[in-house]
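Reading through the structure tokens given below for one structure.
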Amino acid sequence: MPLVIIIAVLGTALDQITKLAIAQNIPLGESVTIIDNVLYFTYTHNTGVAFGLFEGAFWLFIPITLLISAGLIWWLIKNRPLHPLMRIASGLILAGGIGNLIDRIFLGYVRDFIHVNIKFAIFNIADSMVVIGAILLGIYVLFIHDKYIKTLKNPQGEKAEACADAAGEEADDSNAKQY
3 MPLVIIIAVL
13 GTALDQITKL
23 AIAQNIPLGE
33 SVTIIDNVLY
43 FTYTHNTGVA
53 FGLFEGAFWL
63 FIPITLLISA
73 GLIWWLIKNR
83 PLHPLMRIAS
93 GLILAGGIGN
103 LIDRIFLGYV
113 RDFIHVNIKF
123 AIFNIADSMV
133 VIGAILLGIY
143 VLFIHDKYIK
153 TLKNPQGEKA
163 EACADAAGEE
173 ADDSNAKQY
């Protein structure tokens, strides 16, 4: 759990510091070239959700974000995921959610500034953390979870499970953690 907390706190701090720096140094609606024809910092206010979706409905996303964050925290406390990728993904998702929640509560909008020169919305560090966390979570669920659970069921790994299979026995999974 400490890894989740460290990532959530540092990620939220990074998000808020970058938003503050942009707000203090780039006028609203103005753009600064970072990499010509590729990356710009364009300061905007977003009253929707990530990547400019659902513009104007910011008030709706305060309780939704609170519920999702509280649910994730409850799940983390209850399940205490052991796999580092699950902890990293959870920390990133929490950091992104909390970073944008702070803006919505105190400003009534989210400060966005990362502008990639493709037909895509302007976003911020918090949006990026949520997306990266969700991708890592997907990778864990699709490619790691089942193998990891097998090693938790039997600390000797796949060799011991193969021996049980050869003997025609079922592995006892009654004490296995799920994450």
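Basically the numbering used here = 1-based index in the sequence shown + 2.
Ideal placement from N, C-alpha and C gives every residue a C-beta, glycine not left out.
Please read all numbers here as calculations on a predicted model, not as lab measurements.
Can you look up residue 37 in the DSSP assignment and give me helix, strand or coil?
Strand.
Could you check how far apart the C-beta atoms of residue 115 and residue 24 are, in whole angstroms? I think they sit under 8 Å.
Indeed, because the Cβ distance is near 4 Å, the residues count as touching under 8 Å.
Would you grab the beta carbon distance between residue 7 and residue 85 for me? Rounded to a whole angstrom, and I think it's under 8 Å.
With 8 Å as the limit, residue 7 and residue 85 do not qualify as a contact, their Cβ atoms being about 17 Å apart.
Taking contact to mean at least 3 C-beta pairs separated by less than 8 Å, is the segment 70 to 77 in contact with the segment 132 to 147?
No, because fewer than three Cβ pairs between the segment 70 to 77 and the segment 132 to 147 fall closer than 8 Å, the two stretches do not touch.
For residue 94, count the other beta carbons within 10 Å of its own beta carbon; 16 or more makes it buried, fewer makes it exposed. Which is it?
Buried.
When you compare each of 58, 80, 118 and 102 to residue 33 by their alpha carbons, which one comes out closest?
Closest by alpha carbon: 118.
In its own chain, which residues sit with a C-beta less than 8 Å from the C-beta of residue 130, not counting the 5 before and 5 after it?
For residue 130, where only same-chain residues beyond five positions count, the Cβ hits under 8 Å are 98 and 116.
What three-state label does DSSP hand residue 116 in the structure shown?
Note: residue 116 maps to strand in three-state DSSP.
Does DSSP classify residue 108 as helix, strand or coil?
Here residue 108 sits in helix by DSSP.
Can you grab the Cα-Cα spacing for the pair residue 12 / residue 65, in whole Å?
For residue 12 and residue 65, the distance between alpha carbons rounds to 23 Å.
Can you give me the C-alpha to C-alpha distance between residue 31 and residue 79, rounded to a whole angstrom?
C-alpha separation (whole angstroms): 42 Å.
Out of 149, 41 and 96, state which residue places its alpha-carbon closest to the alpha-carbon of residue 17.
It is 96.
Alpha carbon to alpha carbon, how far is residue 10 from residue 103? Give it in angstroms, no decimals.
When rounded, the distance between both Cα atoms is 13 Å.
What does a CB cutoff of less than 7 Å around residue 61 pick up in its chain, not counting 5 residues either side in sequence?
None.
Does residue 43 come out as helix, strand or coil in the three-state DSSP assignment?
Reduced to three states, the DSSP call for residue 43 is strand.
For the alpha helix (DSSP H) holding residue 139, just list the boundary residues, first then last.
Start and end: 127 to 141.
If distances are taken between C-alpha atoms only, which option among 41, 40, 57 and 39 comes closest to residue 47?
The candidate whose alpha carbon is nearest that of residue 47 is 57.
Looking at the strands, I want to know which residues DSSP matches up with residue 48.
Partner(s): 112.
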